[in-house]
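A.B. asks:
Number of protein chains: 2
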Amino acid sequence: MAESWTFLDTSEPNFRPLVVIELAKGTKEETIAWFTKRIVDKKGNGGAQLLVKPLVTENGDENIYLVGASHLRLLLGAEAVGLVKECNDNSMRAFTYSSRKTFKDFADDNHDFLTMAECQYIIKHELENLRAKDEKMIPGYPQAKLYPGKSIVRRLLTSGILVQIFPLHDREELKKLRHSWYGRVKVGYQPLDEIRSYFGETIALYFGFLEYFTFALVPMAVIGIPYYVFAWEDYDKYVMFATFNLLWSTVILEVWKRICAIMTYRWGTLLMKRQFEEPRPGFRGVLGVNPVTGREEPVYSSIRRQIRIYLVSLPFVCLCLYFSLYVMMIYFDLEQWALDYHEENESNLSNLMLYVPSIIYAVVIEIMNRIYRYAAEFLTSWENHRLESSYQNHLILKVLVFNFLNCFASLFYIAFVLFDMKLLRQSLATLLITSQILNQFAESLLPYWLQKRHKKRMKKRVCSLKTDMDMSLVEQVNLEKEMGTYFGTFDDYLELFLQFGYVSLFSCVYPLAAVFAVLNNITEIYSDALKMCRVYKRPFAEPTANIGVWQLAFETMSVISVVTNCMLIGMSPQVNALFPDSKMDLVLTVALVEHLLLAIKFIMAFVIPDKPRDIQIKLAKLEFESLEALKQQVRVTVKSIVG
Amino acid sequence: MAESWTFLDTSEPNFRPLVVIELAKGTKEETIAWFTKRIVDKKGNGGAQLLVKPLVTENGDENIYLVGASHLRLLLGAEAVGLVKECNDNSMRAFTYSSRKTFKDFADDNHDFLTMAECQYIIKHELENLRAKDEKMIPGYPQAKLYPGKSIVRRLLTSGILVQIFPLHDREELKKLRHSWYGRVKVGYQPLDEIRSYFGETIALYFGFLEYFTFALVPMAVIGIPYYVFAWEDYDKYVMFATFNLLWSTVILEVWKRICAIMTYRWGTLLMKRQFEEPRPGFRGVLGVNPVTGREEPVYSSIRRQIRIYLVSLPFVCLCLYFSLYVMMIYFDLEQWALDYHEENESNLSNLMLYVPSIIYAVVIEIMNRIYRYAAEFLTSWENHRLESSYQNHLILKVLVFNFLNCFASLFYIAFVLFDMKLLRQSLATLLITSQILNQFAESLLPYWLQKRHKKRMKKRVCSLKTDMDMSLVEQVNLEKEMGTYFGTFDDYLELFLQFGYVSLFSCVYPLAAVFAVLNNITEIYSDALKMCRVYKRPFAEPTANIGVWQLAFETMSVISVVTNCMLIGMSPQVNALFPDSKMDLVLTVALVEHLLLAIKFIMAFVIPDKPRDIQIKLAKLEFESLEALKQQVRVTVKSIVG
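Top line first, the protein sequences correspond to chains A and B. Just so we're aligned, residue 6 is where the first sequence starts under our numbering, counting upward by one. Just so we're aligned, residue 6 is where the second sequence starts under our numbering, counting upward by one.
What follows is the structure, encoded as structure tokens:
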């Protein structure tokens with residue numbers, strides 16, 4: 006089978022492995038033969054027209070295949086996925102094979118025209134679009150049903166025959182990337198373009214946001230330091246700091262949109278057309294006709310989904326929120342108990358004991374967040390969303406609400422029920438620092454250590470092998486297939502979101518939060534980079550034009566922080582002293598200021614354009630060109646009719 | 006010249022006049038010859054390939070031309086403007102001549118396939134896109150410069166050679182429309198589809214909104230009546246009414262988006278692609294190169310425009326706002342004086358005198374609004390916006406802010422500075438009713454009466470004419486060219502917007518406002534219909550998919566009304582009595598409720614989908630089809646390369 010490769014252009018001499026397919030041990034021969042035939046088969050016969058080579062290992066009971074493609078095939082695939090590349094005249098355009106000569110750096114023998122991440126994305130796209138023809142089931146597995154148009158790879162995955170598909174690392178490139186990313190100690194920007202061409206746009210955009218956000222926090226941190234050093238407690242200084250914070254957070258979120266547009270324009274994803282979304286792999290339903298495509302596919306009534314969402318998920322989330330509040334009340338009891346103990350037997354130990362409840366609470370919060378996360382994933386999957394994007398949005402919403410309450414409820418309670426600013430400051434500091442330390446540990450250092458141990462073990466095993474293939478490739482594949490899978494940027498954004506909450510919600514009480522956030526983020530960049538390069542399998546690149554729902558989440562947080570900060574300032578004794586006679590006047594003034602600030606926020610968000618002027622012009626130019634092309638077409642029609 | 010018509014299909018026997026062009030008296034012969042030649046010339050020669058016929062009048066010194074087009078030409082024009090029509094399978098698609106057979110009701114001899122409004126829109130589009138080739142000026146007028154690509158009609162208009170272009174009424178159709186619209190006394194819906202096919206989408210959408218808004222106000226009015234009849238003053242009843250109002254206003258604005266989507270989908274404008282916007286006629290600048298089109302056209306630096314906006318317009322608007330507040334203070338002095346006078350000499354006269362200041366103020370407000378409107382138009386035009394849409398947005402913003410302050414500042418002052426609920430109710434009633442009466446009079450009755458008088462005079466003049474053309478056509482053109490021009494839906498929407506303010510901002514103080522609004526709107530529908538059919542020239546149809554910036558304006562008003570109503574309820578003696586000890590608690594509670602209501606509003610706006618599910622599916626289907634077509638194209642490319 007391995008000898009029967011099909012080439013698009015038969016002159017392709019070198020097979021460059023791009024993607025690894027791991028089939029379950031003991032997969033039937035007929036299944037393998039059928040699947041590999043479909044992969045190499047011509048497009049006209051319903052194949053993907055890719056190249057496949059088995060990886061020969063020592064024991065031979067592992068079914069690992071390497072997938073590649075000829076250069077020409079990749080170029081045609083680039084057109085199919087709608088890749089946007091730079092032209093000779095510096096404009097960005099959707100790549101088409103017929104206009105290939107107009108693209109920058111294009112040459113028929115330049116195999117670097119497409120980045121490796123792009124090639125892997127194209128192969129993934131082609132594999133996922135390998136569809137059943139008239140097969141009723143997967144050969145050899147009668148229980149794995151197929152129907153015309155069903156994605157074969159998705160069915161193989163859900164029925165467990167296909168263990169995993171992942172793109173291969175490029176050791177050379179990775180080494181270069183590591184060096185320029187975190188290899189040398191330097192102050193400066195990350196090599197975002199290189200990260201993008203290696204890991205794809207979604208991950209590069211996360212690192213871009215992390216870097217931007219860190220830089221944006223620096224002014225807040227710088228202004229916050231003297232408040233701590235000189236122990237400033239003046240009312241007007243705090244008002245100034247809070248006002249600056251509120252306007253600043255609006256500005257940075259708006260400016261991010263512009264920076265994001267500049268980056269994604271350069272990367273081409275700003276112009277990429279949205280592809281039609283297939284049902285997500287976990288979607289179940291009876292076979293019916295999709296009203297949009299007219300194709301047969303599983304159908305699930307949207308009313309039944311709504312019932313599941315509103316009658317099961319919503320009550321469950323509310324219950325979890327209630328439980329979280331209950332735990333919070335226990336924490337306050339503990340806190341009180343520790344305080345009492347400290348007053349009764351004052352000693353170094355009791356002094357230390359004062360911090361114990363907060364630390365325990367921070368740990369419990371982390372644990373609850375993680376458990377809830379599993380529950381939310383289970384529930385959202387059970388809600389049976391047809392589209393991955395809708396699944397993601399519901400999951401993010403569930404997780405965000407719970408995490409928000411879990412992390413901030415105690416702070417709200419301390420601030421607006423207990424009115425204890427000292428305790429608020431102390432809790433804020435404990436929560437922020439504990440969660441940062443826990444995250445750094447759980448996210449990268451622990452997996453890195455596990456990975457290192459595993460690697461040593463693997464090396465020993467691999468060294469004793471003898472095969473006809475390149476030694477290091479077998480070794481590499483065997484190493485990488487055991488590596489952890491990176492499940493997307495969700496957790497990383499969530500961490501930043503909560504950090505933003507700590508910094509902005511109570512900024513006028515604890516100006517030092519920004520300093521900790523900056524310090525954390527600098528190490529976060531390095532530990533996340535380490536994680537991506539060393540700990541996890543290489544993820545498939547995902548083209549994206551923005552950070553999506555996270556932009557909305559950050560903006561919502563910044564609106565909430567206007568409210569909390571205004572209330573905090575209104576409650577401060579200094580401001581209360583300004584209105585000695587009438588508390589009513591005080592609260593009305595605070596309410597007025599709050600509404601004014603909110604209005605200014607919305608006006609600012611409205612006035613600052615989301616895209617810089619030159620990008621706007623470039624986009625308008627493209628739109629104009631496509632309109633002109635359409636008109637030209639009409640003109641041709643007219644001519645062909647009237648001569 | 007008039008004899009040298011060019012036909013697309015020479016079998017076109019009947020010339021149906023669609024659009025009237027009036028040139029200035031004494032326009033040079035060479036100009037007329039050149040212009041009409043360009044209109045009838047073939048597309049290939051840069052003409053518009055339309056039909057032109059001079060209107061022969063008695064004295065002959067009037068240069069009036071009738072423009073029409075062959076059926077085939079109109080169909081090709083429909084493709085060029087991107088008209089969307091219904092197909093045989095009930096889906097909506099962009100019309101193309103080559104796929105004409107798949108469209109519903111299409112037949113080569115069915116001249117009703119395109120509505121008259123659509124035909125006139127196509128002719129307008131073709132005339133406006135008649136562009137200069139190598140002419141350096143308009144023949145006969147060296148001062149009227151041209152450059153390649155400049156719209157000839159726009160230059161003729163700005164240099165005063167072209168007096169006006171307007172579409173002809175269709176007496177038969179109009180009669181039918183009038184009959185089904187307001188001809189018989191009936192309770193029921195307006196014939197929106199007929200209005201749309203006669204006047205176009207923008208106007209039909211306005212009447213649709215007016216009707217929808219009136220129906221939506223009915224529940225508010227019904228609930229409001231008992232408050233007036235039984236003089237309810239209980240706190241909880243008012244809270245209920247206000248809460249209902251706030252949620253209701255959110256719901257109706259969201260539901261309107263859905264209804265609007267249903268209508269504009271049926272009309273095809275929801276799917277229509279945005280055309281590239283040309284500079285507006287009033288735009289001035291030195292000749293340069295447009296960075297988007299690469300064409301020569303006037304260019305004006307955006308920085309200079311920003312300077313004009315922020316350094317001249319903004320201060321001027323602020324000054325006007327200050328002046329308006331100043332006038333308001335005078336009104337309050339007057340009011341006080343009338344009150345004093347009434348107390349000193351109590352009589353029927355003095356009782357009546359109490360209402361005089363309010364009435365005077367209402368009249369002054371109307372006058373100030375109208376004067377300011379001219380100033381705003383002048384300033385916005387001087388700001389020199391390149392696009393009509395940007396001009397409109399800046400104008401609407403200026404006018405809205407001023408009108409809002411002018412109409413509501415006194416009410417805010419009474420409510421939140423004087424705390425005088427009785428005066429608030431009285432002022433609200435006076436302002437609302439006076440402005441409604443004034444509007445109805447100034448908007449339709451006055452012009453109608455003027456029009457009637459003018460018509461009689463015209464009839465006498467026309468009857469003495471003798472020409473070879475159809476008598477009634479000459480009469481009709483002469484009548485219509487003297488009619489007033491309808492300047493768009495701006496004033497009509499503005500009126501509704503202010504009315505919405507009167508109803509919602511202080512709804513918990515004056516529940517009867519909704520009743521007056523409903524009554525006004527019922528007569529408004531009839532007087533506006535009268536105005537459209539009898540008073541004004543027929544306007545060109547403008548395809549549009551929604552009510553644009555007005556949706557935002559209404560939503561903003563509904564957010565502001567949450568704030569005002571919460572404050573009003575918080576200030577009511579009944580609520581104050583609930584918190585006898587602590588005013589602080591009261592205000593905090595009110596603030597909490599307000600934020601909750603606002604949060605609910607935003608969540609509701611987010612959760613209610615903007616388009617009904619079936620429209621979403623239809624849109625998704627179209628998108629899917631175009632993606633599939635693209636893929637097909639790629640597949641064909643692949644095949645042609647690899648065989």
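Glycine is no exception: its CB is placed at the ideal position from the N, C-alpha and C atoms.
Going by CA-CA distance only, name the one from Leu162/A, Phe424/A, Ser96/A and Leu428/A that's closest to Phe288/A.
C.D. replies: When each option's Cα is compared against that of Phe288/A, the closest is Leu162/A.
A.B. asks: I want to see whether chain A comes within less than 8 Å of Thr248/B, judged by CB atoms only; does it?
C.D. replies: No, because no Cβ of chain A sits closer than 8 Å to the Cβ of Thr248/B.
A.B. asks: Taking DSSP as the reference, what is the three-state secondary structure of Gln656/A?
C.D. replies: Lying outside 6 to 648, the shown extent of chain A, residue 656/A is not represented and no answer is given.
A.B. asks: How many angstroms separate the CA atom of Leu275/B from the CA atom of Val72/B?
C.D. replies: Distance between the alpha carbons of Leu275/B and Val72/B is about 29 Å.
A.B. asks: Can you find at least 3 beta carbon pairs, one from the region 372 to 388 of chain A and one from the region 418 to 433 of chain A, that sit closer than 8 Å?
C.D. replies: No: fewer than three Cβ pairs fall under 8 Å.
A.B. asks: Going straight from the alpha carbon of Ile264/A to that of Arg279/A, what length do you get?
C.D. replies: So the two alpha carbons sit approximately 21 Å from each other.
A.B. asks: Tell me, please, which residues DSSP counts as bridged to Ser156/B.
C.D. replies: Paired residue(s): Arg136/B.
A.B. asks: Please list the segments of the alpha helix (DSSP H) lying wholly inside the region 263 to 339 of chain A, counting only runs of 4 or more residues, in order along the chain.
C.D. replies: Taking only runs of at least 4 residues, the alpha helix (DSSP H) segments lying wholly in the region 263 to 339 of chain A are 307 to 312.
A.B. asks: Excluding the 5 residues flanking Lys181/B on each side, which residues of the same chain have their C-beta closer than 8 Å to its C-beta?
C.D. replies: Result list for Lys181/B: Glu199, in chain order.
A.B. asks: Compile a chain-ordered list of the residues in the region 574 to 595 of chain B whose CB is closer than 7 Å to at least one CB of chain A.
C.D. replies: Here the close residues are Lys588, Met589, Val592 and Leu593.
A.B. asks: Could you check whether the Cβ of Thr163/B sits closer than 8 Å to any Cβ belonging to chain A?
C.D. replies: Answer no: the Cβ-Cβ gap between Thr163/B and chain A never drops below 8 Å.
A.B. asks: On the CB-based measure, 16 or more other CB atoms within 10 Å of its CB, does Arg201/B come out buried or exposed?
C.D. replies: So Arg201/B ends up on the buried side.
A.B. asks: Would you list, in chain order, the members of the region 290 to 301 of chain B that have their beta-carbon closer than 7 Å to a beta-carbon of chain A?
C.D. replies: Cβ contacts with chain A come from Pro296, Val297 and Thr298.
A.B. asks: Determine whether the Cβ of Tyr634/B lies closer than 8 Å to any Cβ atom of chain A.
C.D. replies: The question names Tyr, but residue 634/B in the sequence shown is Ala. No - not a single Cβ of chain A is within 8 Å of the one on Ala634/B.
A.B. asks: Does the beta-carbon of Gln341/B have 16 or more other beta-carbons within 10 angstroms, so that it is buried, or is it exposed?
C.D. replies: Flag for Gln341/B reads exposed.
A.B. asks: For Ile200/A, which residues in chain B fall below 7 Å Cβ to Cβ?
C.D. replies: Simply none; closest approach about 29 Å.
A.B. asks: Could you work out which residue in Phe235/B, Glu67/B, Val260/B and Glu131/B is closest to Asp4/B when comparing CA atoms only?
C.D. replies: Only positions 6 to 648 of chain B appear in this structure, which leaves residue 4/B out of reach.
A.B. asks: Can you tell me where the alpha helix (DSSP H) holding Ala226/B begins and where it ends?
C.D. replies: That run of the alpha helix (DSSP H) goes Glu206 to Val234.
A.B. asks: Just the Cα atoms here: how many angstroms apart are Leu222/A and Val523/A?
C.D. replies: For Leu222/A and Val523/A, the distance between alpha carbons rounds to 6 Å.
A.B. asks: Kindly indicate which residue of Val244/B, Ser394/B and Leu410/B has the alpha-carbon position closest to the one of Ser577/B.
C.D. replies: The shortest Cα separation from Ser577/B among Val244/B, Ser394/B and Leu410/B belongs to Val244/B.
A.B. asks: Would you please state the rounded distance, in angstroms, between the beta carbons of Glu282/B and Ser156/B? I believe it to be under 8 Å.
C.D. replies: With 8 Å as the limit, Glu282/B and Ser156/B do not qualify as a contact, their Cβ atoms being about 12 Å apart.
A.B. asks: Are the Cβ atoms of Cys571/B and Leu602/B separated by less than 8 Å?
C.D. replies: Yes, the Cβ-Cβ distance between Cys571/B and Leu602/B is below 8 Å.
A.B. asks: Under three-state DSSP, which class holds Ile530/B?
C.D. replies: Of the three classes helix, strand and coil, the one that applies to Ile530/B here is helix, per DSSP.
A.B. asks: Which chain B residues are close to Lys106/A, counting only those with a beta carbon under 7 Å from its beta carbon?
C.D. replies: Neighbours of Lys106/A on chain B: none; closest Cβ ~14 Å, over 7 Å.
A.B. asks: Below 7 Å on C-beta distance, what does Ala625/B contact in chain A?
C.D. replies: Those within 7 Å of Ala625/B in chain A are Val297.
A.B. asks: Give the range of the alpha helix (DSSP H) segment to which Gly575/B is assigned.
C.D. replies: Looking at the DSSP string, the run of the alpha helix (DSSP H) that includes Gly575/B is Val554 to Met576.
A.B. asks: Of the residues that make up the region 550 to 569 of chain B, which ones have a beta carbon closer than 7 Å to any beta carbon in chain E?
C.D. replies: Of the protein chains in this structure, namely A and B, none is chain E.
A.B. asks: Determine, using beta-carbon pairs with one atom in the region 578 to 595 of chain B and one in the region 201 to 221 of chain B, whether at least three such pairs fall under 8 Å.
C.D. replies: In short, these stretches do not touch, since the Cβ pair count stays below three.
A.B. asks: Which residues mark the beginning and the end of the alpha helix (DSSP H) in which Lys58/A is found?
C.D. replies: Note, Lys58/A: premise wrong, no alpha helix (DSSP H); beta strand (DSSP E) at Leu56 to Pro59.
A.B. asks: Provide the residue span of the alpha helix (DSSP H) that contains Tyr498/B, from first to last.
C.D. replies: Residues Phe495 to Leu510.
A.B. asks: Using CA atoms only, rank isn't needed, just tell me which of Asn444/B, Gln445/B and Leu416/B is closest to Ser432/B.
C.D. replies: Nearest of Asn444/B, Gln445/B and Leu416/B to Ser432/B, Cα basis: Leu416/B.
A.B. asks: According to DSSP, what are the bridge partners of Cys538/B?
C.D. replies: Partner(s): none; Cys538/B has no beta bridge.
A.B. asks: Which class does Lys109/A belong to by DSSP, given the choice of helix, strand or coil?
C.D. replies: In this structure, Lys109/A counts as coil in the three-state DSSP scheme.
A.B. asks: So what does DSSP say about Gln195/B, is it helix, strand or coil?
C.D. replies: Gln195/B: coil per DSSP, three-state reduction.
A.B. asks: Note down, in chain order, every chain A residue with its Cβ under 9 Å from the Cβ of His600/B.
C.D. replies: Chain A residues near His600/B: Val568.
A.B. asks: So Leu602/A is in the alpha helix (DSSP H); what residue range does that whole segment cover?
C.D. replies: Per DSSP, Leu602/A belongs to the alpha helix (DSSP H) from Lys588 to Val612.
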